[in-house]
Amino acid sequence: MIKLFSVTLFSALFIQSALCSDYLLAIGAGGEDPNLPTTIFDSAFKNLSGYVQSSPGLKGDIALNGGHSTTEGIRDSFPSNVGKSSFYSDDYQRLIQTYKTKLENNEMVQGDQFMIYIDSHGAAKVGNQNTHYIATSGAGASNLKNLEGSKLVDLEQLEVLKKLAKEKGVKMAIVDMSCFSGNTLALADDNTCVISSTGTNHYGYSSFSDNFSEAMKKGKSLEEVFLEVRANHNAPAFPMISTEAGLAMNSLIYDKISEFLFNKAKSTDNLTDYLVDNHSEQKMCIANQKYNSLLKTIDDIEKLNTVTKKSLWGETYTSKEVDLSNLKNLLQNYKKSLDTAAVKMRELDTDRFNRLEYISASVQINQYTTTMDEPFKWKDLINSNYDKIIETFKTKAADPTIDVLTKTETLTALAYYQKAKEKKEEIIKNNPDLLLIPAKQEEIAKSIGDTYDIARDIATEERKLYQTQYKSFQKQKPDTQNACQKFKL
Amino acid sequence: MRFFLLFIALSSTALAADWTGFDGCGLYQVKGVGRIIKNTLVIVVNEKTQSEIIFSVPILNGIKLSPYIDRPLEANLQINEAINGANGKGTIQMIKDRLPNPLNPKDTGIQLLTKSECK
Chain A
71 MIKLFSVTLF
81 SALFIQSALC
91 SDYLLAIGAG
101 GEDPNLPTTI
111 FDSAFKNLSG
121 YVQSSPGLKG
131 DIALNGGHST
141 TEGIRDSFPS
151 NVGKSSFYSD
161 DYQRLIQTYK
171 TKLENNEMVQ
181 GDQFMIYIDS
191 HGAAKVGNQN
201 THYIATSGAG
211 ASNLKNLEGS
221 KLVDLEQLEV
231 LKKLAKEKGV
241 KMAIVDMSCF
251 SGNTLALADD
261 NTCVISSTGT
271 NHYGYSSFSD
281 NFSEAMKKGK
291 SLEEVFLEVR
301 ANHNAPAFPM
311 ISTEAGLAMN
321 SLIYDKISEF
331 LFNKAKSTDN
341 LTDYLVDNHS
351 EQKMCIANQK
361 YNSLLKTIDD
371 IEKLNTVTKK
381 SLWGETYTSK
391 EVDLSNLKNL
401 LQNYKKSLDT
411 AAVKMRELDT
421 DRFNRLEYIS
431 ASVQINQYTT
441 TMDEPFKWKD
451 LINSNYDKII
461 ETFKTKAADP
471 TIDVLTKTET
481 LTALAYYQKA
491 KEKKEEIIKN
501 NPDLLLIPAK
511 QEEIAKSIGD
521 TYDIARDIAT
531 EERKLYQTQY
541 KSFQKQKPDT
551 QNACQKFKL
Chain B
3 MRFFLLFIAL
13 SSTALAADWT
23 GFDGCGLYQV
33 KGVGRIIKNT
43 LVIVVNEKTQ
53 SEIIFSVPIL
63 NGIKLSPYID
73 RPLEANLQIN
83 EAINGANGKG
93 TIQMIKDRLP
103 NPLNPKDTGI
113 QLLTKSECK
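The listed protein sequences derive, respectively, from chains A and B. Heads up: the first sequence at position 470 corresponds to 540 in the working numbering, and the numbers run straight through without jumps. Heads up: the second sequence at position 29 corresponds to 31 in the working numbering, and the numbers run straight through without jumps.
Rendered as C-alpha cells:
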C-alpha cells in the first residue's frame, strides 16, 4: 500500500514538474559606445547562452544590443527555441506586451517559472521612481550615473508582469545586473524573487553578472547562486537579494557601510559628490554615528559567531567563526581619509553662501510709490546675471506705451537690481575665493587619490560578514515564503 | 448616426482634457526654467514642446525669480486666473533649484497642490 502511494506521489510530482515550463527573458547590453564591436556585457550573455543550451525545453526571448557585431554574434548563438531581437525601447514595450498576453491567455500557467535577466547600464533612481531606468541600444551613455546621452526604459513597467505572474501562480524572478540595481528590489514580493548586482546608491560591476551567469546551473536555487557568487565578488558594490534574510542584511548594514564602498575611480566617482554633500559638522556627526554603529554591528556579529570549544586536554577556549578585524582596520583607515577631506572642505567655509543680504529700493511717480524689499542669499546674488536683467528693465522702462504704475514698478525693479549688482560685486571683491569653491572641492576630493582599491578591499571583507550573518538570520527565522529559494534553475 | 455619436464623443473627450495640466485656479507646483522673454521674467514649463506654457509673474515678485534666469527651477505658483492658451500668470510663493532630468520627458510640468477660486 505504502509502495503504491509512494509510486503515485512520485509519478504525480514527476508529471507536474515535467509539464511545467521555464521561461527566460534576457534584455540588455544598451548604453555602450555604438562604434565598438563589443560591449562590457558580452561575457555574461555568453554564459547565459550556455545556460540556455543546457536547459532543454526552456522557452524565451533575448533582446540584446543593436549595433555591436560581437555582441550580436553572442545573441545569435542562443538556441533556436529563444526569440532574438535588438534591444530598443520598442523591443522592450513589445516584449512586455508579449509576456503580458502569455500570462493573460494562460500560455504560462501555475508552476511555470519566468525569469527576467537584465544586464545593461542602469541609472540612479530619480524623483519618485520606485525602481530605475536602464539603457537601451543606439547611443552610448556619457554619464554613468544618470546615463545622459543614452536612450532609456523604466523597469517600473515590469510591475504588470510581476502582478500577473502572482495571480497566475507563475514563479517569477528578476535578476538586475545594472548599476544602482538595488532599486529593483521594490518589485519583489512573496512570489517574485529579485536579485541585484549592487545597492540602491552604488555602481555595479560586470564581474558579478559574469560570475552569476556562469554559476547558473540546473537544479540550483537562485538564492544558492546569489550567495555563492556574492561571497566571492570583490568589487566595491553591495549585491542584494529580496529574501527575508537579504532584506534584513540590507537594513542592518547597507546604509552604514555605503560611504565606504564609494570610491574615486575615473568613470564611477561617487565619492566627490558624497564629500560635497556631507562635510558640514552636522553631517559629519551623523556619519560618525553611523560609523560607530557599524563597528558595533561588526563586533556583535563576531561575538554571536564565537564558539567555546574544548581542547583534547580538556581546556576550554573560544574560537571566532568569522574574523572581521581586517574589515574594522580598513574602515578605520578609510574613515580617517574621508574625515580629513571633509575638514578641508569645511575650511572653505561654504556656509557663507547662505548669508543673507537685505536690499531695498523705492520709487515714487505721481501718486504711485512702490518698494521692493527682499533678502537674498549670497549664493543667489552670485548666481544672478544682473547685467542681463538690468538691460531688460532699462528697455522696459523706456517703453512709452507702459502705464504709470508699470513704469513705477519697472523703475523700482531697475533700482533694486542695480543695488543687487553692486552688492554682488562687493561680496566677490571681499571674498574672491567664493567663485573658486566648486573647483577647490573637487581638488580636495582628488587629494585622497583613487580609492577604488581600499573600497574593493572593504567590500571583500564585508562578504565574510554578510555570509555569516545571512546564515544566522536564516537559522533564527526560517523563511517559508522564500521566492528565491523556490525558484529552481 | 453612429459615426456622428462617435465624433461627438471623441471631440468632447479631447476638449475636456486640458493638455497644459491646468485644472482650475490654485496653488501649483511648477517645474521649468527661468527665462527673460519680451522684457519680462518668466517661468517656462515644457520648453520647446507642444505643451509649452509661459508663466509671467508680477514685476515685484520677479525678484524671487531673478537668480533662476536660465536655470532649471521648481516653484510653488499661486495662479488666480485661467491659463490663456500657452500663457499664464502667477505669483511665486516658493522657488528653488531643480535638478534637471533630461532623461525623463515628464521632468517638467505643473501639478495642482491646492485648489482655489479664480478671481
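Built from N, CA and C at the ideal position, the CB exists for glycine as well.
Residue i classed as buried or exposed, judged by whether at least 16 other C-beta atoms fall within 10 angstroms
| i | result |
| --- | --- |
| Gly143 (chain A) | exposed |
| Pro69 (chain B) | buried |
| Gln227 (chain A) | exposed |
| Trp383 (chain A) | exposed |
| Gly289 (chain A) | exposed |
| Tyr536 (chain A) | buried |
| Cys355 (chain A) | exposed |
| Ser283 (chain A) | buried |
| Ile528 (chain A) | buried |
| Cys120 (chain B) | exposed |
| Pro306 (chain A) | buried |
| Ser50 (chain A) | The question about residue 50 (chain A) has no answer, for chain A in this structure spans 71 to 559. |
| Asn175 (chain A) | exposed |
| Asn253 (chain A) | buried |
| Asp182 (chain A) | buried |
| Thr478 (chain A) | buried |
| Gln511 (chain A) | buried |
| Leu506 (chain A) | exposed |
Neighbour flag for residue i against chain A, beta carbons, 8 Å
| i | result |
| --- | --- |
| Leu79 (chain B) | no |
| Leu75 (chain B) | no |
| Ser118 (chain B) | no |
| Asn41 (chain B) | yes |
| Leu62 (chain B) | yes |
| Ile71 (chain B) | yes |
| Ser68 (chain B) | yes |
| Ile56 (chain B) | no |
| Ile65 (chain B) | yes |
| Ile45 (chain B) | no |
Test: residue i CB closer than 8 Å to a CB of chain B
| i | result |
| --- | --- |
| Asn453 (chain A) | yes |
| Ala357 (chain A) | no |
| Asp421 (chain A) | no |
| Ile459 (chain A) | yes |
| Glu444 (chain A) | yes |
| Thr78 (chain A) | Model confidence at Thr78 (chain A) stands at a pLDDT of 49, short of 50, so the residue's coordinates are unreliable; what they give is reported in the following sentence. Closer than 8 Å: no. |
| Lys466 (chain A) | yes |
| Tyr487 (chain A) | yes |
| Gln86 (chain A) | Annotation note: pLDDT 48 at Gln86 (chain A) (below 50); position unreliable, no value reported. |
| Thr206 (chain A) | no |
| Thr521 (chain A) | no |
| Ala194 (chain A) | no |
| Thr440 (chain A) | yes |
| Ile480 (chain A) | Checking the sequence shown, residue 480 (chain A) turns out to be Thr, not Ile. Interface residue, yes. |
| Asp246 (chain A) | no |
Span separating the alpha-carbon of residue i from that of residue j
| i | j | result |
| --- | --- | --- |
| Gly192 (chain A) | Gly208 (chain A) | 15 Å |
| Pro149 (chain A) | Met178 (chain A) | 20 Å |
| Ser113 (chain A) | Leu165 (chain A) | 23 Å |
| Phe111 (chain A) | Leu401 (chain A) | 31 Å |
| Ala96 (chain A) | Asp160 (chain A) | 15 Å |
| Lys379 (chain A) | Asp259 (chain A) | 41 Å |
| Ser395 (chain A) | Lys534 (chain A) | 11 Å |
| Ile71 (chain B) | Arg100 (chain B) | 13 Å |
| Gly136 (chain A) | Lys154 (chain A) | 11 Å |
| Lys66 (chain B) | Ile132 (chain A) | 52 Å |
Per DSSP, cross-strand counterpart(s) of residue i
| i | result |
| --- | --- |
| Arg37 (chain B) | B:Val44 |
| Ser291 (chain A) | A:Lys558 |
| Leu79 (chain B) | B:Tyr30, B:Ile94 |
| Ser155 (chain A) | A:Ala133 |
| Pro445 (chain A) | A:Tyr428 |
| Val433 (chain A) | A:Thr440 |
| Tyr187 (chain A) | A:Ala96, A:Val245 |
| Pro74 (chain B) | B:Val35 |
| Tyr387 (chain A) | A:Lys379 |
Listed by chain order, chain E residues near residue i by CB distance under 8 Å
| i | result |
| --- | --- |
| Ile38 (chain B) | Absent from the structure: chain E. Protein chains present are A and B. |
Practice task
Check whether the stretch 299-315 of chain A touches the stretch 177-194 of chain A, counting contact only when three or more Cβ pairs, one atom from each stretch, lie closer than 8 Å.
Solution key: no
Problem - the stretch 240-251 of chain A in contact with the stretch 265-281 of chain A per 3-pair CB rule at 8 Å - result: yes
Practice task
Examine the Cβ distances between the stretch 427-440 of chain A and the stretch 402-419 of chain A and report whether three or more of them are shorter than 8 Å.
Solution key: no
Exercise for the section: Answer yes if the stretch 30-46 of chain B comes into contact with the stretch 320-328 of chain A, meaning at least three C-beta pairs across the two stretches below 8 Å, and no otherwise. Expected result: no
Exercise for the section: Taking 8 Å as the threshold, find out whether the stretch 407-417 of chain A comes into contact with the stretch 440-458 of chain A through three or more Cβ pairs. Expected result: no
Practice task
Specify whether the stretch 91-111 of chain A and the stretch 209-218 of chain A touch according to this definition: at least 3 beta carbon pairs, one from each stretch, less than 8 Å apart.
Solution key: yes
Practice task
Assess, as a yes-or-no matter, whether the stretch 429-439 of chain A is touched by the stretch 53-64 of chain B under the definition of 3 or more beta carbon pairs within less than 8 Å.
Solution key: no
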